Every structure is written in structure tokens, then in C-alpha cells.
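Working notes, structure below.
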């Protein structure tokens, strides 16, 4: 019997999934949760085998929740079930250890098959975002090349922008950056666009690679940056 936890902030979805999965002979829903914090409480009470995890939930989103769960209970399998196919969510969910990523709209049979698949140690990716995942893996495979930025371009960065870059180096999502630096997600996106233009970098992946290569986080945390625009 596969024990499943359902995490979604919409009550109708929680109830519908619970009814369908409990009707199966090989699965039982141990708990339902409306946010990430509730998920953490549930797994301490009843450790599930598989979690169906929504991405956008209050208090703690599904990506951050996935990270915490895989750090403390790596044996628990997590399937991200969402209406969003944003690159950032795909990348971070898989980076933090999710075993599956499905878009809402899959049939109940497909969902049940995905649960069984990840329970048995395999991964399950929705066909609609497989190309996106392969592109991300390709970028990661090429991450051993060196990315250089001109010194004069770095001199144009403000202290606020350096702090954003340090968060990108950590692998933080826009939402996590916004929460950490007390900004809106829109402001974070604007900062990132400006940073990429100043450094003449193509995308967030190049920025993250460059930040790691130059050890930006230690520079930001280790000494004050005497530039304007401090947060």
C-alpha cells in the first residue's frame, strides 16, 4: 500500500484527489495539507511514501518545502503537481530532489501511474515539459566552461545588485530572493534583467555559473561593498 500525502492550497483539488486515490486498492491518502508548513507537520506525524506537491502555496511554497523534506527525509518521493511550467520552478524542484513534475490536467490514471513509478524509484516528467527539462540538463552539462565578465561591467553593479547575485549563486528562486531581501518578486525580476544587461550575460544560468566561479557570495557576505543602492 502506497501512502500518499496531498499538498494543495485549493480544497476542491485536495478533496478530489483524496477521493480518487483512496478508491484504489494499492494507495491510501494519509494526510492532506493546504501549505508547506502544514506538510512539514504532517510528515512528522505520518511519514508518507509519496507527496503530491503544489508549487504555489501560502506560508511556504512547494519548491522550498521539497528542499526541506529531501534534507530531512530523503526517502520520501515528491511529485510536483502544478499548473505552472515556469523554467525556474522546474529547475529548482528537480535540483532539490523532486522525483516527478506533472502539470495539472493529467488524467487520474496517469497520476496514479506516476505515483507508482516514483514509489518504485524512477522519475516521472510530464511530456509537455520534457523538452524544457532536457534543455536545463544541457545547460547544466555545459556548466564547466568559464564565463568571464569585464571588470568595468562589474564596477557598474550596485550593492543591491550584488546581493541579488549572491542569492542566485545559492540557487534561490525569485520568490526566495524576494522573501530574503524583503522585496517584491517583480522588483527581483527587474533587478535580474538589469544585472544581465550590465554584465552582458545571456540568462540566469550564465549568471549563476559566473557567480559560483567568482565566489560572489563570500565577497558580499565577507566585506562591505562600497557602492550605492544598498538594500
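Residue numbers (full-length UniProt numbering): 1 to 231. Using N, Cα and C, we set each Cβ at its ideal position, and we do this for glycine too. Note that the coordinates shown come from a computational prediction; the quantities given were computed from them, not determined experimentally.
If you look at residue 5, you'll find it in the beta strand (DSSP E) that goes 2-7. If you draw a 10 Å sphere on the C-beta of residue 173, you find 16 or more other C-beta atoms in it, and that means buried.
If you draw a straight line from the Cα of residue 1 to the Cα of residue 121, it is about 15 Å long.
Distance check between residue 157 and each of 5, 195 and 27 places 195 closest, using alpha-carbon atoms only.
Between the alpha carbons of residue 20 and residue 191 lies a distance of about 44 Å. Given a length threshold of 3 residues, the UniProt domain "HTH luxR-type" (150-215) has no whole run of the beta strand (DSSP E) inside it. For residue 119, the CB contacts under 8 Å within the same chain, skipping 5 residues up- and downstream, are 2, 49, 50 and 77 in chain order.
For residue 119, the secondary structure class from DSSP, reduced to helix, strand or coil, is helix. Annotation: residue 105 is outside any alpha helix (DSSP H) and is labelled neither H nor E by DSSP.
Boundaries of the alpha helix (DSSP H) around residue 40: 36-45. Comparing alpha-carbon positions, the option among 97, 27, 93 and 39 lying closest to residue 71 turns out to be 97. Out of 167, 80 and 111, the CA that lies nearest to the CA of residue 16 is found in 111.
Judged by their CB atoms, residue 7 and residue 53 are nearer to each other than the 7 Å cut-off. The three-state secondary structure of residue 26, taken from DSSP, is coil. For residue 59, there is no enclosing alpha helix (DSSP H), as DSSP marks it with neither H nor E. Here the C-alpha atom of residue 128 lies approximately 12 Å from the C-alpha atom of residue 82.
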